[in-house]
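Peer 1: Protein chains in written order, with the working numbering: chain A, 1 to 245; chain B, 1001 to 1245.
Note that the Cβ used here is the ideal one computed from N, Cα and C, for glycine as well.
Treat the numbers as computed from the prediction; the structure is a model and nothing was measured.
Got a structure here, written out as C-alpha cells. Questions coming.
Number of protein chains: 2
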Amino acid sequence: MKRVKLIVAYDGTNYHGWQVQPNGVTIEGMLNHSLTELTGESVVVTGASRTDAGVHSLGNVAVFDTNTKIPAEKISFALNQRLPEDIVVQGSCEVPIDFHPRRCASRKTYVYKILNRTFPMPIYRHDTYFTYRKMDIENMQKAAQYVVGEHDFKSFCSVHAQVDSTVRTIENITITKEQDLIQIYVTGNGFLYHMVRILAGTLMQVGMGEKQPKDMRKILAACDRTAAGPTAPAHGLTMVGISYF
Amino acid sequence: MKRVKLIVAYDGTNYHGWQVQPNGVTIEGMLNHSLTELTGESVVVTGASRTDAGVHSLGNVAVFDTNTKIPAEKISFALNQRLPEDIVVQGSCEVPIDFHPRRCASRKTYVYKILNRTFPMPIYRHDTYFTYRKMDIENMQKAAQYVVGEHDFKSFCSVHAQVDSTVRTIENITITKEQDLIQIYVTGNGFLYHMVRILAGTLMQVGMGEKQPKDMRKILAACDRTAAGPTAPAHGLTMVGISYF
C-alpha cells in the first residue's frame, strides 16, 4: 500500500464543486471514478481544498491509497488519459502514508480576479468577475493590510460553517492591476468556508468607496458575518497552489 | 439612413466562425438576429475579419445601415441585452455612409497564444494552443523578422483562398514569453485566408528546431503552400483589434 499525492488543475465552470454530492458531477467524483477505472481498486481521494461550484484550480492537492503497480510518477499521465479536458493532473508522487492534505501544515494561495472595464470581455468570463464600477486599488491595498496576520476571521466566515475556531493567519495579500485586470492574491495557513470570497467582496466595497480601508479593523473586531461585505461570486476565484512544510 | 460601426468581442468556442452559413450558429448570424429584433428592420452586418470557427476576438469590426432612432452610441448597450454572454459589443458609433470595414485602409492585429508546459492547464484551454514541445523563442523571433514588410505571402495562404493578389504587408511581429505563455502578435494591412495560423504553425516549427530562422526566406520565395508549416489550430488565435486610417 502506498499513498499518492496528485496536483489537480481544473476549470470549475461545469462542476458542482470539489466534494462528492448526491446530485451533480464534482471534481472529486471524477477523480474517484477515473482512479477506480485505472487501478481496478475502489479509490476515494482526500482533497486539500474543497472548492465551491464554479471555483477553478491551478494546483489543488489530493491523496489516495493504492496497491497499484503503476509507479506514482506515471499516474498523472495515465489518469489524464481518462479525465475530461477540464480536469488535468499536473503531477503525481508518493508521499508518507500519514501525509494528510488538510491536517498537515501548509501554505495555500488563492487568487480572486476582477475584470474592471466598461463592457465584459467574453474570453475572460469564466475565470474573472466582471464589474464596470471603478475600483480604487490603493484603498484596496491599504484595506488588505489590516487583515494580514493572525486574526479571528469570524466576520469573514459563512454562517453555515462548522468549525471549532475561526482564528486563521493570512501571511500575505497582494493586489495587482494590469490594464483591466485586478488580481487579489491571498496566502495563508488555512481558510474558513467562503473566507477568500468574503474578503474579495469586502475589498471590492472598499475599492468602490462603500467602505474605508480602516473599516477593516472594525469588521474584524465585530466577529459578525453581517459586518463584512458580500460573498464575491465563485467563478472569479482560483486556487493557485499549496505548499507543505 | 445612417451607418453604424460595432466593435465586437467574442469567445469563438461555440460558434461556426464569423460568417453566416446554412448549418451552424455564427457570430454574424447572432448579430443579424439581435439587430433585426432591436431595430425592427431586416439588418445584415458587414464584418471586417471573417474569423474561422473557434477563433476569438477582442475587437472585430462590423457595420450595418439603419433608420433606427436609437442613438448610435446607445446601440452597444441595447444590443448586449439581447446577445448571449459569449458575444459582447464593446462600443458603437456612427460612421460615414461609405465606410467599409474591409475596403477602407486599416491595420489589423492578431495574437496567437501558445501554452508551453508539461501538462495542459484547463482554465486556459479555450484560447491557447497547448504543446509540451520546448520552444526556442529567440529563434522564433529571428524567423519572424524575415516576413516583416511587403511580401508575396502565397506560401502562407490556404490553397482554398480566392484572391487576386497574395501580396500583403506585415508591419510588425512581436513574440513574448511570460512564464508558460508564448504570444505571437502580428500586425498588418490585411491577411490572407489562414495566413496568421500558417505563420504561427511555421514559427512553432522553428521554435521546435524543425526549421531554421533563415528558412523563412526560402518559404516566402517558394510561393507554395507546402513550403510553409502546418495551419496552427484555430482556438489559439484571437483577433485583437483594427484601426482605420
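1) What runs of the alpha helix (DSSP H), each 4 residues or longer, lie entirely inside the segment 1101–1156 of chain B?
2) Using three-state DSSP, classify residue 19 of chain A as helix, strand or coil.
3) For residue 1060 of chain B, name the three-state secondary structure that DSSP assigns.
4) Select from the segment 97–126 of chain A all residues with a C-beta closer than 8 Å to any C-beta belonging to chain B, and list them in chain order.
5) Would residue 90 of chain A pass as an interface residue toward chain B - the criterion being a Cβ-Cβ separation below 8 Å?
6) Going by Cα to Cα distance, which pick from A:40, A:33, A:116 is closest to residue 180 of chain A?
7) So residue 1058 of chain B contacts chain A; which residues on that side make the cut at Cβ distance below 8 Å?
8) With respect to the beta strand (DSSP E) encompassing residue 49 of chain A, which residues constitute its N-terminal and C-terminal limits?
9) Determine the closest residue to residue 1026 of chain B out of B:1086, B:1002, B:1072, B:1080, with distance taken between C-alpha atoms.
10) Note down the Cα distance separating residue 1224 of chain B from residue 1199 of chain B, rounded to an integer number of angstroms.
11) Taking a Cβ distance cut-off of 8 Å, strictly less, list which residues of the segment 213–240 of chain A are near chain B, in chain order.
12) Please tell me whether, using a cut-off of 7 Å, the distance from the CB of residue 1223 of chain B to the nearest non-hydrogen atom of the ligand MG is below it.
13) Residue 1192 of chain B to residue 202 of chain A, Cα distance in whole Å?
14) Do the CB positions of residue 62 of chain A and residue 70 of chain A come within less than 8 Å of each other?
15) So, does the CB of residue 62 of chain A fall closer than 8 Å to a CB anywhere in chain B?
16) Give the interface partners of residue 85 of chain A over in chain B, defined as CB-CB distance under 9 Å, in chain order.
17) Determine, for residue 80 of chain A, whether the minimum Cβ-Cβ distance to residues of chain B falls below 8 Å.
18) Can you name the residues of chain A whose CB is closer than 8 Å to the CB of residue 1011 of chain B?
19) For residue 1047 of chain B versus residue 1012 of chain B, is the C-beta distance shorter than 8 Å?
20) Starting from residue 1200 of chain B and walking both ways along the alpha helix (DSSP H), at which residues does that stretch end?
21) Let me check one thing: in DSSP terms, what residues is residue 1003 of chain B bridge-paired to?
22) By Cβ distance below 8 Å, which residues in the same chain neighbour residue 1042 of chain B in space, the five residues on each side in sequence not counted?
23) Reducing DSSP to helix, strand and coil, say where residue 1189 of chain B ends up.
24) So for residue 1081 of chain B, helix, strand or coil by DSSP?
25) Taking the C-alpha atoms as reference points, what is the distance between residue 119 of chain A and residue 132 of chain A?
26) Short of 7 Å in beta carbon distance, which residues of its chain neighbour residue 143 of chain A, apart from the five on each side in sequence? Order them along the chain.
27) Tell me residue 1182 of chain B's beta-bridge partners as DSSP assigns them.
28) Residue 208 of chain A and residue 1058 of chain B: beta carbons closer than 8 Å?
29) Just curious, the beta strand (DSSP E) that residue 1238 of chain B is in, first and last residue?
30) Are the CB atoms of residue 239 of chain A and residue 110 of chain A within a distance shorter than 8 Å?
Peer 2: Judging by the given coordinates:
1) Taken in chain order, the complete alpha helix (DSSP H) segments of 4 residues or longer contained in the segment 1101–1156 of chain B are 1137–1147.
2) Counting from one through the first sequence, the residue named residue 19 of chain A turns up at place 19. The answer is coil: DSSP assigns residue 19 of chain A none of H, G, I, E or B.
3) Sequence index remark: in the second sequence, residue 1060 of chain B carries index 60 (1-based). Strand at residue 1060 of chain B.
4) Answer set for the segment 97–126 of chain A: 118, 119, 120, 121, 122, 123, 125, 126.
5) In the first sequence, the residue the question calls residue 90 of chain A occupies position 90. With 8 Å as the cut-off, residue 90 of chain A counts as an interface residue toward chain B.
6) Mapped onto the first sequence, residue 180 of chain A falls at position 180. The shortest C-alpha separation from residue 180 of chain A is found at A:116.
7) Counting from one through the second sequence, the residue named residue 1058 of chain B turns up at place 58. 121, 123, listed in chain order.
8) As a first step, residue 49 of chain A is located in the first sequence; it is residue number 49 there, counting from the start. Element bounds for residue 49 of chain A: n/a, residue is neither H nor E.
9) The residue given as residue 1026 of chain B occupies position 26 in the second sequence. The shortest C-alpha separation from residue 1026 of chain B is found at B:1086.
10) For this step, residue 1224 of chain B is matched to residue 224 along the second sequence. For this step, residue 1199 of chain B is matched to residue 199 along the second sequence. Near 13 Å, if we compare the C-alpha coordinates of residue 1199 of chain B and residue 1224 of chain B.
11) Of all residues in the segment 213–240 of chain A, 238 have a Cβ within less than 8 Å of some Cβ in chain B.
12) No copy of the ligand MG appears in this structure; indeed no ligand is present at all.
13) Here residue 1192 of chain B corresponds to residue number 192 of the second sequence, with the count starting at 1. Here residue 202 of chain A corresponds to residue number 202 of the first sequence, with the count starting at 1. C-alpha separation (whole angstroms): 49 Å.
14) Translated into positions along the first sequence, residue 62 of chain A becomes position 62. Translated into positions along the first sequence, residue 70 of chain A becomes position 70. It is not a contact, given that the beta carbons lie outside the stated cut-off.
15) Here residue 62 of chain A refers to the residue found at position 62 of the first sequence. Cβ-Cβ to chain B under 8 Å: no for residue 62 of chain A.
16) Translated into the one-based positions of the first sequence, residue 85 of chain A becomes position 85. By Cβ distance, chain B contributes 1120, 1122, 1125.
17) Sequence index remark: in the first sequence, residue 80 of chain A carries index 80 (1-based). It does; some Cβ of chain B falls within 8 Å.
18) Position 11 of the second sequence, counting from 1, holds the residue named residue 1011 of chain B. Within chain A, the residues near residue 1011 of chain B are 122, 123, 125.
19) As a working note, residue 1047 of chain B is residue 47 in the second sequence. As a working note, residue 1012 of chain B is residue 12 in the second sequence. No, these two residues do not count as a Cβ contact at 8 Å.
20) By one-based count along the second sequence, residue 1200 of chain B stands at place 200. Taken as a continuous stretch (DSSP letters only), the alpha helix (DSSP H) holding residue 1200 of chain B covers 1195–1207.
21) The residue you call residue 1003 of chain B lines up with position 3 of the second sequence. Answer is B:1065, B:1095, bridged to residue 1003 of chain B.
22) If you number the second sequence from 1, residue 1042 of chain B lands on position 42. Only 1036 meet the Cβ criterion.
23) As a first step, residue 1189 of chain B must be located in the second sequence, where it is residue number 189. Three-state DSSP puts residue 1189 of chain B in coil, outside helix and strand.
24) By one-based count along the second sequence, residue 1081 of chain B stands at place 81. DSSP places residue 1081 of chain B in helix when its eight states are reduced to three.
25) Counted from its first residue, the first sequence places residue 119 of chain A at position 119. Counted from its first residue, the first sequence places residue 132 of chain A at position 132. When rounded, the distance between both Cα atoms is 7 Å.
26) Against the first sequence, residue 143 of chain A aligns to sequence position 143. If we look at residue 143 of chain A and ignore the five residues flanking it on each side, its Cβ neighbours are 203, 206, 213, 216.
27) To locate residue 1182 of chain B, count along the second sequence from 1; it is residue 182. Answer is B:1114, B:1177.
28) Within the first sequence, the letter at position 208 stands for residue 208 of chain A. Within the second sequence, the letter at position 58 stands for residue 1058 of chain B. No, they are not a contact pair.
29) Counted from its first residue, the second sequence places residue 1238 of chain B at position 238. Here the beta strand (DSSP E) through residue 1238 of chain B covers 1237–1244.
30) Residue 110 of chain A sits at position 110 when you count from the first residue of the first sequence. Residue 239 of chain A sits at position 239 when you count from the first residue of the first sequence. Residue 239 of chain A sits close to residue 110 of chain A, with the two beta carbons spaced by under 8 Å.
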